[in-house]
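Chemist: According to UniProt numbering, the sequence shown is numbered sequentially starting from 1. We treat Cβ as the ideally placed atom computed from N, Cα and C, and that holds for glycine. Sharing a structure below in structure tokens format, with a few things to ask.
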Amino acid sequence: MDMRTPLGRVRGLGSAKEGTGHFWMQRVTAVANLFLVTFFLILVVRLSSGTYADVRAAFGNPFVGIAMAATITSAAIHMRLGMQIVIEDYLHGAARILAILASTFFSAAIALASLYAIVRLSFGA
Numbered sequence: 001m002d003m004r005t006p007l008g009r010v011r012g013l014g015s016a017k018e019g020t021g022h023f024w025m026q027r028v029t030a031v032a033n034l035f036l037v038t039f040f041l042i043l044v045v046r047l048s049s050g051t052y053a054d055v056r057a058a059f060g061n062p063f064v065g066i067a068m069a070a071t072i073t074s075a076a077i078h079m080r081l082g083m084q085i086v087i088e089d090y091l092h093g094a095a096r097i098l099a100i101l102a103s104t105f106f107s108a109a110i111a112l113a114s115l116y117a118i119v120r121l122s123f124g125a
């Protein structure tokens with residue numbers, strides 16, 4: 001039984017078959033962010049009274065570097081998914097496509113810049 005209107009059938013509008021995956025990815029990254037951001041906040045509090053050398057020493061620990069990279073990756077993915085939902089709800093036509101593209105590139109740029117900084121701190125380059 002097809003629930004689409006005749007106009008929807010002509011336009012080919014319907015489910016993109018991506019909603020469930022999008023929903024679950026957003027929930028998984030949200031749960032991961034609970035733990036990762038908590039770790040990040042504890043790290044920031046511990047290092048807040050330290051020097052730059054203390055921060056470099058902390059990031060020299062592989063566990064800290066990997067946890068921070070996971071935090072950035074998870075947060076960037078979660079940010080992109082959340083912005084995509086907001087954009088799809090409120091924009092239409094070409095503006096929607098351009099805004100989703102801009103949001104995706106912005107999320108990727110933030111993630112890459114942050115990961116680069118983590119690598120520089122971790123390896124002391």
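Tell me whether the beta-carbon of ALA57 lies closer than 8 Å to the beta-carbon of PHE39.
Modeler: Counting from one through the sequence shown, the residue named residue 57 turns up at place 57. Counting from one through the sequence shown, the residue named residue 39 turns up at place 39. Contact flag unset, no.
Chemist: Exposed or buried, which one is ILE118 when buried takes at least 16 other CB atoms within 10 Å?
Modeler: Stepping through the sequence shown from its first residue, residue 118 is reached at position 118. Counting Cβ neighbours within 10 Å, ILE118 comes out buried, since at least 16 surround it.
Chemist: Helix or strand or just coil, what does DSSP make of HIS92?
Modeler: Your numbering for residue 92 matches position 92 in the sequence shown. It is coil, neither helix nor strand.
Chemist: Does the beta-carbon distance from PHE59 to GLY50 come in below 8 Å?
Modeler: The residue labelled residue 59 in the question sits at position 59 within the sequence shown. The residue labelled residue 50 in the question sits at position 50 within the sequence shown. No, the Cβ-Cβ distance between PHE59 and GLY50 is not below 8 Å.
Chemist: Closest to PHE105 by C-alpha separation, out of GLY93, ILE77 and SER122, would be which residue?
Modeler: Stepping through the sequence shown from its first residue, residue 105 is reached at position 105. The shortest Cα separation from PHE105 among GLY93, ILE77 and SER122 belongs to ILE77.
Chemist: Kindly indicate which three-state DSSP category ARG56 falls into: helix, strand or coil?
Modeler: Position 56 of the sequence shown holds residue 56. DSSP places ARG56 in helix when its eight states are reduced to three.
Chemist: From what residue to what residue does the alpha helix (DSSP H) around GLY19 run?
Modeler: Position 19 of the sequence shown holds residue 19. It spans 19-47 - the alpha helix (DSSP H) in which GLY19 sits, taken as one unbroken run.
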